[in-house]
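J.: Using our numbering, read the sequence shown as starting at 36 and increasing by one per residue.
Ideal placement from N, C-alpha and C gives every residue a C-beta, glycine not left out.
These figures come from a predicted structure and were not determined experimentally.
I'd like to ask you about the structure that follows.
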Amino acid sequence: MSPVKAAAGHLPSRAFPPSTNKLKSMNKADLVEFVATATKSSKSQAEEAVNAVIAGIEKGLKKDKSVQLVGFATFSVTKRAARMGINPQTKAAIKIPARNAVKFKAGSALKSAVA
């Protein structure tokens, strides 16, 4: 059994709620706890590892505009064009400026893991 699957049994119940209509997402603290358990390291070491992965993805997106983690996901930067919108309170037309947006595409292993 992989360390990740073994550690999943040691997570707090709030990380993986029972199947109900109330969905609870895993937050960063839950992820840090999971990594600490899976790697048998301290929470501070696990937090450094999680922060390093997030920083690496951010740096990759800034530099290369795409980060591919084979089997897991691809993160990419796309340009959103400027457009006109409407302020819902005043109904006045407003210009929404162009911006970059992050796109996430799940990999095949991730898709089959949650199917």
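(1) Let me know the secondary structure DSSP gives S76 once reduced to three states.
(2) Compute the beta-carbon to beta-carbon distance between K126 and S111, rounded to the nearest angstrom, for a pair I have assumed lies under 8 angstroms.
(3) Please name the residue, chosen from T74, E82, S143 and V70, that lies closest to T109 on a Cα-to-Cα basis.
(4) Assign E68 to one of two classes, buried (16 or more other C-beta atoms within 10 Å of its C-beta) or exposed (fewer than that).
(5) Got a sec, what are the start and stop residues for the alpha helix (DSSP H) K146 sits in?
(6) Excluding the five sequence neighbours on either side, which residues of its own chain have a C-beta within less than 7 angstroms of the C-beta of V70, listed in chain order?
(7) With distance defined between alpha-carbon atoms, name the residue in I89, D65, K138 and A90 nearest to K78.
T.: For this structure:
(1) Within the sequence shown, residue 76 is the residue found at index 41, counting from 1. Correct three-state label for S76: coil.
(2) Here residue 126 refers to the residue found at position 91 when the sequence shown is read from its first residue. Here residue 111 refers to the residue found at position 76 when the sequence shown is read from its first residue. Contact flag wrong, Cβ pair sits at about 35 angstroms.
(3) Against the sequence shown, residue 109 aligns to sequence position 74. Measuring from the Cα of T109, the nearest candidate turns out to be S143.
(4) The residue you call residue 68 lines up with position 33 of the sequence shown. Under this definition E68 is a buried residue.
(5) For the purposes of this step, residue 146 is identified with residue 111 of the sequence shown, where counting begins at 1. Looking at the DSSP string, the run of the alpha helix (DSSP H) that includes K146 is S143 to V149.
(6) Working through the sequence shown from its first residue, we reach residue 70 at position 35. Answer for V70: A81, A84 and V85, listed in chain order.
(7) By 1-based counting over the sequence shown, the position of residue 78 is 43. In terms of Cα proximity to K78, the closest of I89, D65, K138 and A90 is D65.
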